[in-house]
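**Student:**
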Amino acid sequence: MKKQWVQKVEALSDVKWSARGISLYFSIPSGTSRSEISLVAKNYVKKAVTPGQKEAYGSDIDAVLKGIRQIGSEAGKKGIAAFSCARENYLQILPVEATFRFTFHAGNMPYLFPLRLVLEQEPEVGCVVVNQKTAWLGEYFLGEIEEVNTIAGEIPRKVKDFGFEGRDELRMTRRVEERVSQFARDVAEKTLQLASERNWDYLFLAGREKMMGQVWEYFPKPWQEKTLGMLKTDPENINAIYKIFERKVEDFVHTQRELLSEQVLRESSVGKKGRVGLEPVISALNDGSVQALVVGLDFTSRGYICPQCSALSIRGGKCPYCSANLQEERDIIPFALKKAHQQKAQIVLLPNSTWGNNAGIGCLLRFIRLR
Ligand SMILES: [Zn+2]
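Under our numbering, the very last position in the sequence shown is 373; numbers go up by exactly one each time.
Here it is as structure tokens:
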């Protein structure tokens, strides 16, 4: 799944327009009906695109809004990435199961940083559904599961069906048990092989309790620890189980993010590794000490960036690091995200309500600098 997305982005990165075009990203608030998606887009454009940009890229903006209206009924995703070069009649609209900050970017090619960020940060989860005879191996990424493999075991039918008794029955029972555990081992091996080939971050198991347990026992410890959950179920309808998976994995990812944002708040209030507010976050980013950055989806702030050493600042004047003249930016957050990404920080975009009256941006430090 991730591979397909990476290929999609690679294809987009080869696109060069002969004239300037636009890239537009935004999130669709939960509960938005599909017919209202283009309205959401329109409101963002109204609020965040400058009159100058509207004049220069009016036909691109119109093309994107029209395109979003058309796909609106089939989108059903959390976010939209759109690219348009009206002069070339180029239009691409991608519904993505991920949240994006509103981004408007003009240039000679699609602006792909927000999409790349999502692909890097979203986990890919291997999903193993197993009963006594069959195992289905699927892959979850960005809200969808795709099946990658099916394994069939050769398990003899129940002994009693043949009416054996005594020693024969005992022998048959043993044979069945051996085959079952052989099957569990095969499933575990195939799972681990796929996990390493396809770079899975986590695993999720479902199926008959005993089989699941046996498969899990064959995993080495790191993969046992990367098993997010085991869902006890009778795998009759594999598609129904995949639907449950999609919800469970999404819940897990969501919870991880909530926990991280709570950790930032908690550790900031007791003077540990958390920092809340633009100034301390920028100072940590300039230090290169950010382990995780948490930003409210709609949080924006004017700020300054050094054209020479790319240091960030909330005040203008000379760069405190190299004395170059700082440049003013309408919104410094995209630069903060880039800087965080360069330091390999985890990046979490939060719905705006989550932090209440807090400053809309926070981070977790890798370490605390002692002075
Ligand atoms: Zn500088």
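Don't be surprised by glycine CBs; every beta carbon is placed ideally from N, CA and C.
By DSSP, does P97 sit in helix, in strand, or in coil?
**Tutor:** P97: strand per DSSP, three-state reduction.
**Student:** Can you check the stretch 181 to 254 for any beta strand (DSSP E) of at least 3 residues that lies completely inside it and give the ranges in chain order?
**Tutor:** Those beta strand (DSSP E) runs which fall completely within the stretch 181 to 254 and span 3+ residues are 204 to 209, 229 to 234.
**Student:** In its own chain, which residues sit with a C-beta less than 6 Å from the C-beta of T310, not counting the 5 before and 5 after it?
**Tutor:** Here the sequence assigns Gln to residue 310, which means Thr is not the residue at that position. For Q310, where only same-chain residues beyond five positions count, the Cβ hits under 6 Å are C324, A326.
**Student:** Could you pull the start and end residues of the beta strand (DSSP E) that L339 belongs to?
**Tutor:** Here L339 belongs to no beta strand (DSSP E); instead the alpha helix (DSSP H) covers 335 to 344.
**Student:** Going by C-alpha to C-alpha distance, which of T235, P224, K245, S285 sits closest to M214?
**Tutor:** When only C-alpha atoms are compared, the closest one is T235.
**Student:** Which residues in the same chain as L230 place their Cβ atom closer than 6 Å to its Cβ, once the five residues preceding and following it in sequence are excluded?
**Tutor:** Y204, F206, F254.
**Student:** Whose CB is closer than 6 Å to a heavy atom of ligand 1? List the residues in chain order.
**Tutor:** Cβ-based neighbours of ligand 1 within the cut-off: C308, Q310, C311, A313, C321, Y323, C324, A326.
**Student:** Please classify F369: does DSSP put it in a helix, a strand, or coil?
**Tutor:** Here F369 sits in coil by DSSP.
**Student:** How far does the beta strand (DSSP E) with V272 in it extend, from its first residue to its last?
**Tutor:** Segment: none, V272 is in no beta strand (DSSP E) and carries neither H nor E.
**Student:** With a CB to CB cut of under 6 Å and the five nearest residues on each side skipped, what residues in its chain are close to E191?
**Tutor:** Cβ within range, chain order: n/a, list empty.
**Student:** L26 lies in the beta strand (DSSP E); which residues open and close that run?
**Tutor:** It spans 23 to 29 - the beta strand (DSSP E) in which L26 sits, taken as one unbroken run.
**Student:** For S40, tell me which candidate among L144, V297, K79 has the shortest Cα-Cα distance.
**Tutor:** Ranking L144, V297, K79 by Cα distance to S40 puts K79 first.
**Student:** Straight-line CA distance for V297 to H343?
**Tutor:** About 13 Å.
**Student:** Please look up how many angstroms separate the CB atoms of I147 and F247, rounded, as I've assumed it's under 8 Å.
**Tutor:** About 6 Å separates the two Cβ atoms, so the contact holds.
**Student:** Between the stretch 52 to 66 and the stretch 5 to 18, do three or more beta carbon pairs fall short of 8 Å?
**Tutor:** The answer is no - the stretch 5 to 18 does not touch the stretch 52 to 66, with fewer than three Cβ pairs under 8 Å.
**Student:** Using a Cβ-Cβ cut-off of 7 Å (strictly less than) and excluding sequence neighbours within five positions of G114, which residues of its own chain qualify?
**Tutor:** The sequence shown places Leu at residue 114, not Gly. Within the same chain, L114 has close Cβ partners V11, L14, S15.
**Student:** Which residues mark the beginning and the end of the alpha helix (DSSP H) in which A50 is found?
**Tutor:** Residues 39 to 50.
**Student:** If you drop the 5 nearest sequence neighbours on each side, which residues of the same chain put their C-beta closer than 7 Å to that of A286?
**Tutor:** The answer, listed in chain order, is R277, V292, C365, L367.
**Student:** Of all the options I363, P336, L372, which has the alpha carbon lying nearest to the alpha carbon of L117?
**Tutor:** Among I363, P336, L372, the Cα nearest to that of L117 is on P336.
**Student:** Looking at C-alpha atoms only, which residue of F102, P282, R169, C308 is the closest neighbour of P353?
**Tutor:** Ranking the options by Cα distance to P353, first place goes to F102.
**Student:** E180: buried (16+ other C-beta within 10 angstroms of its C-beta) or exposed?
**Tutor:** Exposed: under 16 other Cβ atoms inside 10 Å.
**Student:** Note the first and the last residue of the continuous alpha helix (DSSP H) segment covering G117.
**Tutor:** Note that residue 117 is Leu in the sequence shown here, rather than Gly. First-last of the alpha helix (DSSP H) with L117: 115 to 123.
**Student:** In the DSSP assignment, what are the bridge partners of G364?
**Tutor:** In the DSSP output, where bridge partners are listed per residue, G364 has V278, V296.
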